[in-house]
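Quick note on our numbering: the sequence shown kicks off at 9 and runs consecutively. Note sheet for the following structure.
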Amino acid sequence: MAPLTELAGIGGTEHRYTVNLSILFTELPLLERPAAAAAAGFTAVELWWPWVDAPVPEKSELDALRRALNDAGTRLTGLNFYAGQLPGPDRGALSVPGEESEKFRRNIDVAVDFAESAGCTALNALYGNRVTGATPAEQDQLALENLVSAARAADGIGAVLLVEALNAVESPHCPIVSAPKAVDVVDRVNSVTGLGNTRFLMDLYHLAMNGEDLHRVIDTYTDRTAHVQIADSPGRGAPGTGELDFPDLLERLSKAGYEGRIGLEYKPGDLPSAESFGWLPRPLRGAA
């Protein structure tokens with residue numbers, strides 16, 4: 009794949025890319041992934057909650073992950089709260105009554121404490137599916153309560169709470185499958201907390217899969233956006249494997265005033281993860 013050299017001039021200083029270690033480098037054990045990302049030229053990484061069955065893992069596991077990040081010289085810049093098994097149609101927990109939302113609540117302080125210890129200032133909270141036995145209004149109220157708690161905890165360490173839209177193709181039972189719906193949740197949480205630290209996570213892959221006008225989303229919501237994630241569509245592969253024009257989209261983000269990080273949240277396909285970054289010149293991979 010030819011490097012997308014057009015990326016070189018976007019956004020002034022170009023060192024804004026982060027690697028999601030929950031979808032890239034998964035051919036390696038979790039604790040080896042930070043070093044692999046560093047060897048590929050990245051100094052900033054993000055993670056989904058790594059312990060899919062444990063909202064409160066053993067302290068030794070948290071300590072081991074923190075050491076792996078530090079030893080590799082990588083900074084954790086984004087972390088998901090507990091959300092069950094990712095990726096998958098059952099993703100998300102905070103709006104699901106019963107055991108799942110209880111797991112989310114137990115995870116809040118653990119995730120925030122770990123984020124603080126790792127220097128991470130962005131935490132992502134995923135809505136859950138619509139379920140039988142509860143009305144949409146009841147689930148939305150539960151979600152609001154849990155998001156408010158998460159936003160307040162995040163604010164305690166100077167972090168932002170991120171809310172993203174998934175896509176209806178892969179998550180047909182998730183109610184948050186458009187940029188306007190996600191931003192509406194952001195606004196409702198900020199209205200209750202008064203903190204203003206709940207922000208939009210603009211995942212261009214999910215939005216493209218939903219058929220949204222990405223130019224319109226960028227122009228309308230960049231000022232409410234604290235993080236961007238990318239993968240090509242269709243296929244969720246690296247840029248250049250699908251139909252999205254990333255030089256155009258990233259330039260538009262820059263012109264709209266976006267100065268945050270861009271998370272690589274794509275599948276490497278048949279390549280080893282380290283060989284899936286040919287589209288991104290190595291000098292652009294470090295973290296500013």
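Don't be surprised by glycine CBs; every beta carbon is placed ideally from N, CA and C. From a predicted model like this one, the values you see are computed outputs, not experimental measurements.
Asked	Found
What does the alpha-carbon distance come out to for the pair Cys182 and Arg99?	9 Å
Per DSSP, Phe208 forms a beta bridge with which residues?	Val171, Thr233
Name the one or two DSSP bridge partners that Arg83 has.	Ala52
From Pro65 to Val118, what distance separates their C-alpha atoms?	9 Å
Tell me whether Ala130 sits in a helix, a strand or coil according to DSSP, three-state version.	strand
Throw me the rounded Cβ distance for the Gly86 and Thr26 pair, which I believe falls under 8 Å.	7 Å
From Leu102, Gln149, Asp71, pick the residue whose C-alpha is nearest to that of Ala123; which is it?	Asp71
Alpha carbon to alpha carbon, what distance is there between Leu134 and Asn218?	17 Å
What does the alpha-carbon distance come out to for the pair Glu178 and Pro95?	9 Å
What residue does the alpha helix (DSSP H) around Val185 start on, and which one ends it?	Per DSSP, Val185 belongs to no alpha helix (DSSP H) and is neither H nor E.
With a Cβ-Cβ cutoff of 8 Å, do Ser262 and Glu251 count as a contact?	no
Just checking my contact of Val193 with Val171 at CB under 8 Å: how many whole Å lie between their CB atoms?	5 Å
Going by beta carbon distance, what residues of the same chain come within less than 6 Å of Phe50, once the five residues before and after it are set aside?	Val27, Arg293
What residue range does the beta strand (DSSP E) around Asn137 cover?	No beta strand (DSSP E) contains Asn137, which DSSP labels as neither H nor E.
Is the separation between the beta-carbon of Gly202 and that of Gly245 shorter than 8 Å?	no
State buried or exposed for Gln147, treating a residue as buried only when at least 16 other CB atoms are found within 10 Å of its CB.	buried
Give a yes or no on whether the C-beta atoms belonging to Arg207 and Ala234 are separated by under 8 Å.	yes
DSSP three-state label for Asp221, please.	coil
By a C-beta neighbour count over all protein chains shown, 10 Å radius and 16 as the cutoff for buried, is Asp211 buried or exposed?	buried
How far does the beta strand (DSSP E) with Val27 in it extend, from its first residue to its last?	25-28
Alpha carbon to alpha carbon, how far is Gly127 from Val53?	11 Å
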